[in-house]
Every structure is written in C-alpha cells, then in structure tokens.
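So the structure is just underneath, and the comments pick up after that.
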Amino acid sequence: MTELAELVLAPGERARGVGIDRVTFTMDWTGEEDPGQLAAFVAGRVRAFGVEPTDVDTDVVYRAAGADPNLRRGDVPTRLLDHLAGILARLGCTLAVHDTGTDAYEVLVARAGERELAGVTYQGFPVRAWTSEPEETLISLDCPNCGEMLVWQLPAGETLADESCDCGTALFDATGRPVPGVTPHA
Numbered sequence: 007m008t009e010l011a012e013l014v015l016a017p018g019e020r021a022r023g024v025g026i027d028r029v030t031f032t033m034d035w036t037g038e039e040d041p042g043q044l045a046a047f048v049a050g051r052v053r054a055f056g057v058e059p060t061d062v063d064t065d066v067v068y069r070a071a072g073a074d075p076n077l078r079r080g081d082v083p084t085r086l087l088d089h090l091a092g093i094l095a096r097l098g099c100t101l102a103v104h105d106t107g108t109d110a111y112e113v114l115v116a117r118a119g120e121r122e123l124a125g126v127t128y129q130g131f132p133v134r135a136w137t138s139e140p141e142e143t144l145i146s147l148d149c150p151n152c153g154e155m156l157v158w159q160l161p162a163g164e165t166l167a168d169e170s171c172d173c174g175t176a177l178f179d180a181t182g183r184p185v186p187g188v189t190p191h192a
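So for the sequence shown, the numbering used here puts the first residue at 7; every next one is plus one.
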C-alpha cells in the first residue's frame, strides 16, 4: 500500500493517515448516479495535489453521448474516463483504476511523473493507469438458449474461441467472436 499511497495521497493526507479508500471514487459500469460526480471527485483530487483544476468538466461527454444514436448501456462511463484521463494528463496527473474484478470502476487520481503505476497493487488487485491495457478481461453474458449467466475472467490476449454453454449452445466462434444471437454484457 505504501507505493500506492505515495502516488495517490497528498503529503498532508499521508501524514494524517488518510486511507486509500477515502480517495477512491466507485462508479457502477452503467455510470454515475448523478452527472458531474466523477468530475467533482477528479477536481478535488487535483486540488489536493496543489494544482488548480481547469476544464475538469464532463458536460461535453454527456452532450456527445446524447447525440449518439449508437450509444449502448455502459458506454458513457468509459467515455467519461477517457475524457478525464486526457484532462488529467495536461494537469500532471494520471487517472487510475483499481481492477478488483467487479463490474464497477474504482477510480483514483495519481500524480504523474513520480513513479509509474506498473506493478502496483492494492488489496491484492492491480492498480493501473486508465489508458493502459488491463491484465485481465471480464466477460459475462446470458446464454440465449437456457438463460444461464456465464462469466469469464481472461488473462490479456486470451479469447473464448469455440466456447459453449453447459447446455451445448455455441457462444463463440473459432476466432473468439460471439456467434449471432449471443450478446456479451457491455
């Protein structure tokens, strides 16, 4: 935890013994409960590092999402995180996620340049820059035949080639793409 604390806590917070959980924002995979919560969190963390945040706003993301006819459930959170990662890079910070294997985004803001997030863990799970590739991918879907919910946690680069449900229904083709009628959860 010491490595992560050095990256995500301001010196005064470390001196007061502030815990990592107090500087983590958790957002469901479907999005914020109220628009602007994530931006407010990010702005607060940047201020904690002594930088006055400029243009830490997500209104542009919501406007673009509202005009996108192909928007799917779960698209907005990733767009918010992409947008804020770009803003934070200009402010000398890095948007980070604590990959706990759940369907929520556990978001942290780290100071950039002091140390990379590569190899950093917290509570046994990796913490990585949002813009880096995850070590594992979580895939879930409901079998179109029997309705059973299936979940896989795959190492990076691994696919579900020729995977089938226990009921015998084919779910993925030889290349690892879902067969027609199979829709993984976003």
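We treat Cβ as the ideally placed atom computed from N, Cα and C, and that holds for glycine. Note that this is a predicted model, so its numbers are computed, not measured.
Report the option in the options whose CA atom is closest to the CA atom of residue i.
i           : options            : result
residue 119 : 99, 103, 109, 158  : 99
residue 190 : 149, 30, 173       : 149
residue 52  : 117, 147, 155, 124 : 117
residue 114 : 122, 95, 134, 96   : 134
residue 36  : 81, 21, 20         : 81
residue 96  : 187, 142, 28, 61   : 61
residue 175 : 21, 152, 136       : 152
residue 163 : 144, 154, 172, 171 : 144
For the alpha helix (DSSP H) that residue i lies in, which residues bound it at each end?
i           : result
residue 159 : Not the alpha helix (DSSP H): residue 159 falls in the beta strand (DSSP E), residues 155-161.
residue 44  : 43-54
residue 21  : 17-22
residue 73  : Careful: residue 73 lies outside any alpha helix (DSSP H) and carries neither H nor E.
residue 95  : 81-96
Assuming residue i is part of the beta strand (DSSP E), what are its boundary residues?
i           : result
residue 147 : 142-148
residue 31  : 31-34
residue 117 : 110-117
Per DSSP, which one or two residues make a beta bridge with residue i?
i           : result
residue 128 : 131
residue 1   : With the chain represented from 7 up to 192, any question about residue 1 goes unanswered, as that position is not in the structure.
residue 138 : Answer by DSSP bridge pairing: none, since residue 138 is not bridged.
The ligand PLP heavy atoms versus the CB of residue i: any closer than 6 Å?
i           : result
residue 102 : Only the bare structure without any ligand can be found here, which leaves the ligand PLP out of the picture.
Under the assumption that residue i contacts residue j (Cβ atoms under 8 Å), give the Cβ distance between them as a whole number of angstroms.
i          : j          : result
residue 31 : residue 15 : About 14 Å separates the two Cβ atoms, so there is no contact after all.
Touching by the beta-carbon criterion (3+ pairs, under 8 Å), the segment 60-72 and the segment 125-135: no
Touch test, the segment 70-77 against the segment 101-111, Cβ-Cβ under 8 Å, three pairs minimum: no
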